[in-house]
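Numbering (the UniProt record's numbering), first residue to last: 1 to 333. One structure below.
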């Protein structure tokens, strides 16, 4: 009996169902946040829709008990896989005091949770890459065995921090995996107006590291690429640059109107290749996902999202006098 693709990649049936459930959870949380935004209950959404396969495929290939991640603002799937909960995400969306990312001080998408090894992100794009490289350097100096996994959009590859981070990682052969989630647009700028080369991964050669472009809508293909990159990093073979080509299914954010720069037909075509749908189809064809299991997963995920929404909406806001807490040192007396 021949093995299915996920089995060939070393993923069990149980793990592949967990991957699907986490992808679906990210999607349902994201969809709920859009509804909350449009109903005036939360001020801002920046979406992961369309990129869940790359995020979950990569995360499941890592050692989430040891490795560190420096996610970018769309990486809802990554932070869920690393241990953040739906409640954590909703508390951030509502800017409540219990928000683990910033205590209600920062916009959604600025993830950070030390207990789950999620580095705190800042608003300027690409700043997370040098931070991730610094973590990898510290680990190497302390002779600890982990990798530092950092993600960014393709637009961020044209920032100075991208060059500085990859160059330093390459020179010092640091255990860093950089995954570019190429969703075809830097806000409104299409890929061919951002990058002169045919892809991003070709740049890896300039930094003396392994580079590969994969189908970002296929979580198994992404898993395999990241798993191989992790093995190289742990074995002392240095960093890797992975480009996961996918598509952003929503506007850039809740403040953007993507109808001004891309055609409806283009988006509809991309939705036919929606990674949630294609992965579900694969799992059914593989005999792993039955209608009964799918219904159970859908019900469980919806319950998690509903509970998280209700909890966060009722949770208290931070006290105004605490606005500067954790920002400036507080003097006693």
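For each residue, glycine too, the CB sits at the ideal point set by N, CA and C.
First and last residue of the uninterrupted alpha helix (DSSP H) at residue i
i, result
"residue 91", "86–93"
"residue 160", "160–171"
"residue 25", "13–38"
"residue 129", "128–141"
"residue 264", "264–271"
"residue 103", "First-last for residue 103: undefined, no H or E at that position."
Counted within 10 angstroms of its Cβ, other Cβ atoms place residue i as buried (16 or more) or exposed
i, result
"residue 32", "buried"
"residue 12", "exposed"
"residue 213", "buried"
"residue 30", "buried"
"residue 299", "exposed"
"residue 290", "exposed"
"residue 257", "exposed"
"residue 283", "buried"
"residue 42", "buried"
"residue 324", "exposed"
"residue 35", "exposed"
"residue 118", "buried"
"residue 320", "exposed"
"residue 27", "buried"
Whole-number beta carbon distance between residue j and residue i, since they are thought to touch under 8 Å
i, j, result
"residue 244", "residue 180", "7 Å"
"residue 239", "residue 200", "Going by Cβ atoms, the distance from residue 239 to residue 200 rounds to 14 Å, so no, they are not a contact pair."
"residue 220", "residue 5", "5 Å"
"residue 20", "residue 279", "6 Å"
"residue 22", "residue 81", "6 Å"
"residue 44", "residue 254", "6 Å"
"residue 315", "residue 65", "So it is not a contact: roughly 29 Å between Cβ atoms."
C-beta atoms of residue i and residue j nearer than 8 Å
i, j, result
"residue 125", "residue 152", "yes"
"residue 109", "residue 46", "yes"
"residue 312", "residue 96", "yes"
"residue 276", "residue 52", "yes"
"residue 25", "residue 222", "no"
"residue 204", "residue 174", "no"
"residue 158", "residue 246", "no"
"residue 191", "residue 68", "no"
"residue 9", "residue 224", "yes"
"residue 104", "residue 318", "yes"
"residue 148", "residue 132", "yes"
"residue 50", "residue 251", "no"
N- and C-terminal bounds of the beta strand (DSSP E) containing residue i
i, result
"residue 337", "Since the first and last residues shown for the chain are 1 and 333, residue 337 lies out of range."
"residue 211", "210–215"
"residue 176", "176–182"
"residue 245", "240–245"
"residue 70", "68–70"
Among the options, the one whose alpha carbon lies nearest that of residue i
i, options, result
"residue 189", "89, 320, 262", "262"
"residue 305", "23, 90, 41", "90"
"residue 155", "43, 36, 315, 248", "248"
"residue 178", "168, 184, 195", "168"
"residue 172", "116, 211, 233, 113", "233"
"residue 266", "27, 185, 76", "185"
"residue 63", "76, 83, 49, 72", "83"
"residue 77", "94, 290, 57, 92", "57"
"residue 310", "87, 50, 61", "87"
"residue 231", "79, 162, 210", "210"
"residue 160", "148, 129, 170", "129"
"residue 143", "103, 235, 114, 202", "235"
"residue 229", "150, 252, 162", "150"
"residue 274", "35, 54, 36", "54"
"residue 216", "293, 48, 18", "48"
"residue 17", "101, 295, 328", "295"
"residue 38", "93, 119, 320, 288", "93"
"residue 208", "164, 170, 14, 226", "170"
"residue 72", "260, 120, 100, 115", "120"
"residue 3", "286, 260, 237", "286"
Residue i CB to nearest heavy atom of the ligand SAM below 7 Å
i, result
"residue 111", "In the structure shown, the ligand SAM is absent, as is every other ligand, since no ligand is present at all."
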